[in-house]
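Here is the structure we will look at.
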Amino acid sequence: MKVYDKLIFELSRPGRKGYELPQNRFEKNALKDLPADLLRKEEPELPEVSELDVVRHFTNLSSKNFGVDTGFYPLGSCTMKYNPKINEEVAAMPEFTALHPLQPADSAQGALELYYNLQKALSNIAGLAEFTLNPYAGAHGELTGLMVMRQYHISRGDEKRRKVIVPDSAHGTNPASAMVAGLEVVEVKSKPNGSIDVEDLKPLLDENVAGIMMTNPNTLGMFETEIMEIAKLVHEAGGLLYYDGANLNPMLGKVRPGDMGFDIMHINLHKTFSTPHGGGGPGSGPVGVAAHLVDLLPNPRVKKDADGKFYVESGEKSLGSISSFLGNFGVMMKAYAYILSLGKENIKNVGPMATLNANYIKESLKDDYLLPIEGACKHEFVFDGLKDKSTGVTTLNVAKRLLDYGFHAPTIYFPLLFHESMMIEPTETESKETLDEFIEVMHKVAKEAKEDPEMVKSAPHTTLISHPDETTAAKKPILSYRQLKANS
Ligand SMILES: *Cc1c(COP(=O)(O)O)cnc(C)c1O
Numbered sequence: 000m001k002v003y004d005k006l007i008f009e010l011s012r013p014g015r016k017g018y019e020l021p022q023n024r025f026e027k028n029a030l031k032d033l034p035a036d037l038l039r040k041e042e043p044e045l046p047e048v049s050e051l052d053v054v055r056h057f058t059n060l061s062s063k064n065f066g067v068d069t070g071f072y073p074l075g076s077c078t079m080k081y082n083p084k085i086n087e088e089v090a091a092m093p094e095f096t097a098l099h100p101l102q103p104a105d106s107a108q109g110a111l112e113l114y115y116n117l118q119k120a121l122s123n124i125a126g127l128a129e130f131t132l133n134p135y136a137g138a139h140g141e142l143t144g145l146m147v148m149r150q151y152h153i154s155r156g157d158e159k160r161r162k163v164i165v166p167d168s169a170h171g172t173n174p175a176s177a178m179v180a181g182l183e184v185v186e187v188k189s190k191p192n193g194s195i196d197v198e199d200l201k202p203l204l205d206e207n208v209a210g211i212m213m214t215n216p217n218t219l220g221m222f223e224t225e226i227m228e229i230a231k232l233v234h235e236a237g238g239l240l241y242y243d244g245a246n247l248n249p250m251l252g253k254v255r256p257g258d259m260g261f262d263i264m265h266i267n268l269h270k271t272f273s274t275p276h277g278g279g280g281p282g283s284g285p286v287g288v289a290a291h292l293v294d295l296l297p298n299p300r301v302k303k304d305a306d307g308k309f310y311v312e313s314g315e316k317s318l319g320s321i322s323s324f325l326g327n328f329g330v331m332m333k334a335y336a337y338i339l340s341l342g343k344e345n346i347k348n349v350g351p352m353a354t355l356n357a358n359y360i361k362e363s364l365k366d367d368y369l370l371p372i373e374g375a376c377k378h379e380f381v382f383d384g385l386k387d388k389s390t391g392v393t394t395l396n397v398a399k400r401l402l403d404y405g406f407h408a409p410t411i412y413f414p415l416l417f418h419e420s421m422m423i424e425p426t427e428t429e430s431k432e433t434l435d436e437f438i439e440v441m442h443k444v445a446k447e448a449k450e451d452p453e454m455v456k457s458a459p460h461t462t463l464i465s466h467p468d469e470t471t472a473a474k475k476p477i478l479s480y481r482q483l484k485a486n487s
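Counting in numbering that gives the first Met the number 0, the sequence shown runs from 0 upward without gaps.
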């Protein structure tokens, strides 16, 4: 059966309807003032369906999706943690949602206070002087942070510094953001244990260095133990340290990037601070900086005067504006609710629990899956596929087979350091029972790979769609029923 046949939803019947419009909503002749070329010439081709048809259609469609609310989602470098529902309630409060971004600050004190407090909370968590919450996403935060870095060197008359050092294990957005910021990317190699090779770094540190971008723990989930040495070397060479804090989970309450010597960082609220992402976005990528860079942060900024009143200001030395108004405010409300509901004490457990969960899975599975880097990881780790390579079952096959068992696949084929990367991040919000179930299924798949490799290679067997062409699915997605019909 073709996908189209399984997806049939031609429910329309001429004349059927499920709505009632108010009568005389518009003056009878209201349309006569509209220019003729703006008027519709044909009837719109809308489905004619009853209300019940619509409700069932969309409810059934929604249940075909996999989400963090329906199952375990061990996607490494993505921090798919539970999105507490209290966050959603807070973000839906009309006192906030009905605000207009142009209304006077006097009449929006509560919202500005929330922005200000969240910015202060993040500064405390990160050990940096100040944050802007304006960027819309992690990559946007990176771009903003790199613009701060560039602006810093320019403001010191040191224009030639354009070189940004990025480790070979970095998230793809790092080099991309540096390019977009007009900087030049130079790669630094990892040692076999996944951490930065300081000897490889030293010769790169010259008078053209703008800075280094690092993720710590790195994308292999390993803590860079030589970070203090690296920070010293980069600073001595006149460069700045940028910290990719998209997934700050393992560090929460334990270690602060500012204390490690970092000057600039971004955090993904839609990862570390439990706000939804992926199709559930939008996101937010706040950027924090050390004291000597505060004036360069983007406009506008939220400040508090001596009387405790909040106001919005645009600084003269700022690199300019990178978003409309103050960014994605709804996301900030959710992150703030998360921080407040955990509180100062409980937030300290996030890092240790995320770390414990990842190590538990790693140690439980390393008999069946190839662990290229031994030792304690932080919030995530990487397997290099199945240990037994003789079956021909790949990481992609394992990932697909997991779907049959109701688990989302881990991140696969990233980082690029290994051929069969399988990057697993359980997060701190999963119970031991869920982790045990996942471990059991992973063992089962390894066994199936030996006993019936063809069955694993043709998985998934239970999903509506099993093997889309991944390139066209991404580049030429079929987004409507009509398109699907035309393509079938
Ligand atoms: C997710 C992620 C990013 C990018 O964040 P977006 O919000 O998707 O732009 C950057 N770095 C790391 C390590 C990430 O995991």
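Ideal Cβ placement from N, Cα and C applies to all residues, glycine included.
- Residue 17 and residue 51 have their C-alpha atoms roughly 8 Å apart.
- By the Cβ criterion, the stretch 226-235 is in contact with the stretch 200-209, since at least three pairs of Cβ atoms, one from each stretch, lie closer than 8 Å.
- Between the stretch 68-75 and the stretch 402-418 there are three or more C-beta pairs closer than 8 Å, enough to call the two in contact.
- Approximately 17 Å separates the beta-carbon atoms of residue 126 and residue 245; this is outside 8 Å, ruling out the contact.
- Residue environment for residue 81: exposed (fewer than 16 other C-beta atoms within 10 angstroms of its C-beta).
- Here residue 366 has 386 as same chain residues with Cβ atoms under 8 Å from its own Cβ, once five neighbours each way along the sequence are excluded.
- In the assembly as shown, residue 64 is an exposed residue. Its beta-carbon has fewer than 16 other beta-carbons within 10 Å.
- Only residues of its own chain outside the window of five on either side were considered, and among them 241, 263, 265 and 286 have a CB closer than 6 Å to the CB of residue 144, listed in chain order.
- Between residue 187 and residue 225, the C-beta gap is not smaller than 7 Å, which leaves the two residues out of contact.
- Counting along the chain, no alpha helix (DSSP H) covers residue 265; the unbroken beta strand (DSSP E) around it starts and ends at 263-266.
- Note on the stretch 176-230: whole beta strand (DSSP E) runs with a minimum of 3 residues are 183-187 and 208-213, in chain order.
- Residue 164 is bridged by DSSP to 185 and 211.
- Boundaries of the alpha helix (DSSP H) around residue 437: 431-450.
- Spanning the alpha carbons of residue 451 and residue 462 requires a straight line of approximately 20 Å.
- One thing to note: residue 249 has its Cβ within 7 Å of the Cβ of residue 354.
- Among the bridge pairs identified by DSSP, residue 427 is matched with none.
- Per DSSP, residue 57 lies in no beta strand (DSSP E) segment; the continuous alpha helix (DSSP H) that holds it begins and ends at 50-61.
- Our two residues, residue 114 and residue 322, have alpha carbons roughly 15 Å apart in a direct line.
- Where residue 140 is concerned, the enclosing alpha helix (DSSP H) starts and stops at 137-154.
- Remark: fewer than three beta-carbon pairs, one from each stretch, lie closer than 8 Å, so the stretch 288-304 and the stretch 83-95 are not flagged as touching.
- For residue 152, the distance from the CB to the nearest heavy atom of ligand 1 is not below 6 Å.
- For residue 390, the shortest C-beta to heavy atom distance toward ligand 1 is 6 Å or greater.
- Of the residues 133, 176, 336 and 349, the one whose Cα lies closest to the Cα of residue 78 is 349.
- For residue 287, the enclosing beta strand (DSSP E) starts and ends at 286-288.
- Spanning the alpha carbons of residue 374 and residue 252 requires a straight line of approximately 22 Å.
- Under the three-state reduction of DSSP output, residue 420 falls in the strand class.
- Its chain contains 297 and 298 as the residues whose beta carbon lies nearer than 7 Å to that of residue 319, once the 5 sequence neighbours on both sides are disregarded; these appear in chain order.
- Assignment of beta-bridge partners to residue 300 by DSSP yields 312.
- For the pair of segments examined, the stretch 376-395 was found not to touch the stretch 30-42: the number of CB pairs separated by less than 8 Å stays below three.
- No heavy atom of ligand 1 is found nearer than 6 Å to the CB of residue 329.
- Burial check for residue 134: the Cβ neighbour count within 10 Å reaches 16 or more, so the residue is buried.
- In terms of Cα proximity to residue 390, the closest of 214, 429, 329 and 455 is 455.
- In the DSSP assignment, the residues bridged to residue 243 are 265.
- From the listed residues 363, 351, 398 and 335, the smallest Cα separation to residue 88 is found for 335.
- The criterion of a C-beta distance shorter than 7 Å is satisfied by residue 361 and residue 380.
- Residue state for residue 457 is assigned as coil, using DSSP reduced to three classes.
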